[in-house]
Amino acid sequence: MRSVYWENGQVMLIDQRLLPAEFVVAGFGSVDAVAAAIRDMVVRGAPAIGATGAYAMALAAYASPAVDRDSLLADLRAAKAVLDAARPTAVNLSWATARMLALAAHTVLPNVDDLRSALLAEADAIADEDVKINRRMGFHGAALIADGANLLHHCNTGALATVDFGTALGVIFACHEQGKQIHVWVDETRPRLQGARLTAWELMQRGIPMHLIADNAAGHLLRTGQVDAVIFGADRVAANGDVANKIGTYKLAVVARENGIPVYAVVPTSTVDLNLADGDAIPIEERAADEVTHIEGVAIAPA
Numbered sequence: 172m173r174s175v176y177w178e179n180g181q182v183m184l185i186d187q188r189l190l191p192a193e194f195v196v197a198g199f200g201s202v203d204a205v206a207a208a209i210r211d212m213v214v215r216g217a218p219a220i221g222a223t224g225a226y227a228m229a230l231a232a233y234a235s236p237a238v239d240r241d242s243l244l245a246d247l248r249a250a251k252a253v254l255d256a257a258r259p260t261a262v263n264l265s266w267a268t269a270r271m272l273a274l275a276a277h278t279v280l281p282n283v284d285d286l287r288s289a290l291l292a293e294a295d296a297i298a299d300e301d302v303k304i305n306r307r308m309g310f311h312g313a314a315l316i317a318d319g320a321n322l323l324h325h326c327n328t329g330a331l332a333t334v335d336f337g338t339a340l341g342v343i344f345a346c347h348e349q350g351k352q353i354h355v356w357v358d359e360t361r362p363r364l365q366g367a368r369l370t371a372w373e374l375m376q377r378g379i380p381m382h383l384i385a386d387n388a389a390g391h392l393l394r395t396g397q398v399d400a401v402i403f404g405a406d407r408v409a410a411n412g413d414v415a416n417k418i419g420t421y422k423l424a425v426v427a428r429e430n431g432i433p434v435y436a437v438v439p440t441s442t443v444d445l446n447l448a449d450g451d452a453i454p455i456e457e458r459a460a461d462e463v464t465h466i467e468g469v470a471i472a473p474a
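Here you go:
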């Protein structure tokens, strides 16, 4: 099933905070509720956040009492501001909300109810496009991966991080579908443990051989020839190719380069921000300290 979809006037999301212990799909009926879900990482992964933002813009249109285009546009602009602030690093979010706002501003329809329907159709299109793009990236990327390869993956980039299939994990899934015998080293990905909780779970669901490793074990594996390639996604890519991704990605890339191991970032064009010259201009989200000192609400370090 998809990680985000529209049902009965709500944005439906797999609550990724609960995985792998529980699989829960929750509905969100307001822009503020969706923004909180993005901020609290009910949904995460740049492409999934983008699709969620698009559906939230449709939600804003249906919630708006506007009877004319200008009033509806004002409400949509307000919704976009709330949504874009929820996760500033992932450019897919502002890309999707901008696409929705542009459609509302430039589409000529008889009345605002028709425009509301058009906005929901556009959100569906954004979600459908994501799945198609992910499959294309997956099979293009699989051509770079040799049969028998050992891959090191960081964070989570699978169906949970997108609408479906995935970006970097999509390459791994495509290899598996082609019958390639591959093995994946899964970084636990502190502090939110997206690798341990989500990537390991997705790989196990598909029967792909994997081992979960502590983040700090990656350097040893790279140095001793146990990794053939490092693969991950991205939250944003600047015009010069600089990549911003989950914390720890830079360290992996540097160590891989020092050991002659290729590194692949698998990203859709919606993740590329041509307005930023280089990575220094990418806004980096800073999250709460208790994400480091606590796991599942249990203190693991002095505060």
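Sequential numbering from 172 applies to the sequence shown in the working numbering. All residues carry an ideal CB built from backbone N, CA and C; glycine is no exception.
Check                                                                                                           : Outcome
Cutoff 7 Å: A252 Cβ touching any chain B Cβ                                                                     : Absent from the structure is chain B; it holds one protein chain and no more.
Three-pair Cβ contact test at 8 Å for the region 315-329 versus the region 282-302                              : no
Inter-residue Cα distance where the pair is T260 and A409                                                       : 12 Å
Secondary structure of M271, DSSP reduced to three states                                                       : helix
Rounded separation between A225 and A400 - CA only                                                              : 34 Å
Spatial neighbours of D449 in its chain, beta-carbon cut-off 8 Å, leaving aside the 5 residues before and after : A409, A410, N411 and D413
D406 versus M271 - alpha carbon distance                                                                        : 20 Å
Alpha-carbon to alpha-carbon, S174 and T223                                                                     : 9 Å
Ranges of the beta strand (DSSP E) found wholly within the region 403-467, counting only runs of at least 3     : 407-409 and 434-436
Inter-stretch contact at 8 Å, needing at least 3 Cβ pairs: the region 299-312 / the region 333-345              : yes
Reduced DSSP secondary structure (H/G/I, E/B, other) of Q181                                                    : strand
I316 versus Y435 - alpha carbon distance                                                                        : 10 Å
Ranges of the alpha helix (DSSP H) found wholly within the region 198-271, counting only runs of at least 4     : 202-210, 217-234 and 240-255
Rounded separation between V443 and G180 - CA only                                                              : 31 Å
N- and C-terminal bounds of the beta strand (DSSP E) containing H353                                            : Note on residue identity: the sequence assigns Ile, not His, to residue 353. It is not in any beta strand (DSSP E) - I353 carries neither H nor E in the DSSP assignment.
Burial state of Y540 (16 or more Cβ within 10 Å)                                                                : Absent from the structure is residue 540, since the part of the chain shown begins at 172 and ends at 474.
Residue nearest to A206 in terms of C-alpha spacing, selected from L264, G468 and L369                          : L264
Where P236 falls, given that 16 or more other Cβ within 10 Å makes a residue buried                             : exposed
Given 8 Å, three or more beta-carbon pairs between the region 387-395 and the region 423-431                    : yes
C-alpha gap between R368 and N321, whole angstroms                                                              : 20 Å
H167 (DSSP reduced to helix, strand or coil)                                                                    : Residue numbering for the chain in the displayed model covers 172 to 474; residue 167 lies beyond these limits and cannot be assessed.
Run of the beta strand (DSSP E) containing N321, from where it starts to where it stops                         : N321 to H324
Beta-ladder partner(s) of V469, from DSSP                                                                       : I466
Residue closest to G378, alpha-carbon to alpha-carbon, out of M228, V355 and R287                               : V355
Between the CA atoms of R215 and T338 - distance to the nearest angstrom                                        : 13 Å
Straight-line Cα distance separating A219 from R394                                                             : 34 Å
Closest by C-alpha distance to G319, when choosing among E300, L290, I353 and P191                              : I353
Bridge-paired residues (DSSP) for A400                                                                          : L322
As assigned by DSSP and simplified to three states, the class of V334                                           : coil
Contact check, G198 vs M183, beta carbons under 7 Å                                                             : yes
L364, enclosing alpha helix (DSSP H) - first and last residue                                                   : First-last for L364: undefined, no H or E at that position.
Short Cβ contact (7 Å threshold) for V196 with I185                                                             : yes
Simplified DSSP assignment, three categories, for V302                                                          : helix
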